[in-house]
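**Student:** In our numbering, the protein residues as written are 5 to 117. For reference, the structure I am asking about is given below.
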Ligand code: F3S
């Protein structure tokens, strides 16, 4: 049985339409879930081990305590979407055009559920 060692991580808006998936290979808990153009972290599986910290090329993963005030809704969004999307356990190719979308904001309206 694992123990939570820190606060769970949260995937933020920057992931949308990029989905690099570099984060996935680092997770020992299979906490990532895959949607059409975004990944979500299951807060019940994430122990907050921090292995994915710094792995996202667009900086889309932060600890729950560091979620910016204008993206607080992504905490609940990660929880909701991780319950309905399948687990992803292996890194795969990023979405086409990921580098073009990396710095685009806002793009939350483009999230496909
Ligand atoms: Fe998304 Fe970054 Fe992972 S773009 S899929 S959070 S590596």
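Even for Gly, the Cβ is constructed at its ideal location relative to N, Cα and C. It should be emphasised that the depicted structure is a prediction, and the values quoted were computed from it without experimental measurement.
Can you say whether residue 80 is buried or exposed, counting buried as having 16 or more other CB atoms within 10 angstroms of its CB?
**Tutor:** exposed
**Student:** Look at residue 44 and residue 105 and say whether their C-beta atoms are less than 8 Å apart.
**Tutor:** Between residue 44 and residue 105, the gap from beta carbon to beta carbon reaches 8 Å or more.
**Student:** Between which two residues does the beta strand (DSSP E) holding residue 36 run?
**Tutor:** 36-38
**Student:** Residues in the same chain with beta-carbon distance under 8 Å from residue 24, minus the five sequence neighbours each way, listed in chain order, please.
**Tutor:** 60, 61, 62, 98 and 102
**Student:** Please tell me whether, using a cut-off of 7 Å, the distance from the CB of residue 40 to the nearest non-hydrogen atom of the ligand F3S is below it.
**Tutor:** Because no heavy atom of the ligand F3S lies under 7 Å away, the Cβ of residue 40 does not count as near it: no.
**Student:** Ordered along the chain, which non-local residues of its own chain (more than five positions away) have a Cβ less than 7 Å from that of residue 28?
**Tutor:** 36, 92, 93, 94 and 95
**Student:** Taking the beta strand (DSSP E) that residue 13 belongs to, which residues open and close that run?
**Tutor:** 13-15
**Student:** Taking just the CA atoms, how far does residue 100 sit from residue 48?
**Tutor:** In this structure, the CA atom of residue 48 is about 31 Å from the CA atom of residue 100.
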